[in-house]
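Quick notes on the structure that follows.
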Amino acid sequence: MRRKKINTGIFLIFLTVFITACGKNVLFTDSADIPDKTWKLTNIPEFRYNSADTTGKTDISFIIRTGSDFPYRNIFLFVTAISPDGRSLTDTLEYDLADGKGRWYGKGSGDVHELRLPWRSNVYFPLNGEYVFRIQHGMRSTDLRGVYDIGLRIEKITI
Numbered sequence: 000m001r002r003k004k005i006n007t008g009i010f011l012i013f014l015t016v017f018i019t020a021c022g023k024n025v026l027f028t029d030s031a032d033i034p035d036k037t038w039k040l041t042n043i044p045e046f047r048y049n050s051a052d053t054t055g056k057t058d059i060s061f062i063i064r065t066g067s068d069f070p071y072r073n074i075f076l077f078v079t080a081i082s083p084d085g086r087s088l089t090d091t092l093e094y095d096l097a098d099g100k101g102r103w104y105g106k107g108s109g110d111v112h113e114l115r116l117p118w119r120s121n122v123y124f125p126l127n128g129e130y131v132f133r134i135q136h137g138m139r140s141t142d143l144r145g146v147y148d149i150g151l152r153i154e155k156i157t158i
C-alpha cells in the first residue's frame with residue numbers, strides 16, 4: 000500500500016512539472032478601443048511589438064470584444080504585418096463569432112462577448128526590432144457597430 004502511495008505521489012509531481020513546463024508566456028498584449036462601439040472602415044488599429052528573440056516560436060492571435068448588437072455571426076479582417084526591414088505581409092481572414100443559431104463563441108458576461116481569434120502558429124520573428132501589425136475590418140458595412148475593442152496577443156511557445 001505504501002509503495003502505491005509513493006508511486007502516485009511521484010506521478011503527480013512529474014505531471015505537475017510537465018504541465019507547468021509546457022505552455023505559453025505572453026510576450027505582448029494590447030488592445031485598441033473602438034470609439035462609440037462603431038468600428039469605422041477608416042479606423043485601422045496599429046500595434047507595435049519589439050522583438051528581441053529571433054529563435055523562439057510564438058503564436059499570434061487577435062482578441063475581439065463585441066456586444067449583443069453586433070449584427071453578424073462572422074467577421075472579415077484585413078491584417079498587415081510589417082517587419083523591421085520594411086517587408087510586409089497582408090492576410091484576409093474570416094472568423095466565425097457565433098454559431099448558426101446565434102450563440103456567441105468565446106466567453107462573455109452580460110452584453111460583452113470576448114473571443115480569441117488565432118492567426119498564426121509557430122511563428123519566428125527573424126529580425127530584432129519593431130514589428131507593426133495593422134487590423135482593418137473587411138465587412139460590407141463601412142461602420143461596423145457592436146465592436147468594443149480589438150487586440151493583438153503574442154505568446155512564446157515553451158516546451
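Following numbering that gives the first Met the number 0, the numbering of the sequence shown begins with 0 at its first residue and continues without gaps. Think of the CB as a built atom: it goes at the ideal place given N, C-alpha and C, for glycine as much as any other residue.
Taking the beta strand (DSSP E) that residue 49 belongs to, which residues open and close that run?
Residue 49 -> beta strand (DSSP E) spans 45-50.
Give the C-beta separation of residue 148 and residue 33 to the nearest angstrom, bearing in mind that I take them to be a contact with Cβ-Cβ under 8 angstroms.
With a Cβ gap of about 6 angstroms, residue 148 and residue 33 count as contacting.
Using only the alpha-carbon positions, how far apart do residue 115 and residue 54 sit?
Whole-angstrom Cα-Cα distance: 25 angstroms.
Is there contact here, the segment 94-103 with the segment 128-147, by at least three beta-carbon pairs under 8 angstroms?
They do not touch, by the three-pair rule.
In whole angstroms, what is the alpha-carbon distance linking residue 128 and residue 121?
Approximately 19 angstroms between the Cα atoms of the pair.
Any idea what DSSP makes of residue 70, helix, strand or coil?
In the structure shown, residue 70 sits in coil (DSSP, three-state: anything other than H, G, I, E or B).
Out of 103, 37, 91, state which residue places its alpha-carbon closest to the alpha-carbon of residue 119.
Residue 91 is the option with its Cα nearest to residue 119.
Could you tell me the distance, in whole angstroms, from the CA atom of residue 50 to the CA atom of residue 89?
Spanning the two alpha carbons is a distance of roughly 19 angstroms.
Give a yes or no on whether the C-beta atoms belonging to residue 35 and residue 67 are separated by under 8 angstroms.
Their beta carbons are not under 8 angstroms apart, which means residue 35 does not touch residue 67 by this criterion.
Based on DSSP bridge pairs, tell me the residues matched to residue 60.
DSSP lists 117, 152 as partners of residue 60.
Quick one: grab the DSSP three-state call for residue 35.
Residue 35: helix per DSSP, three-state reduction.
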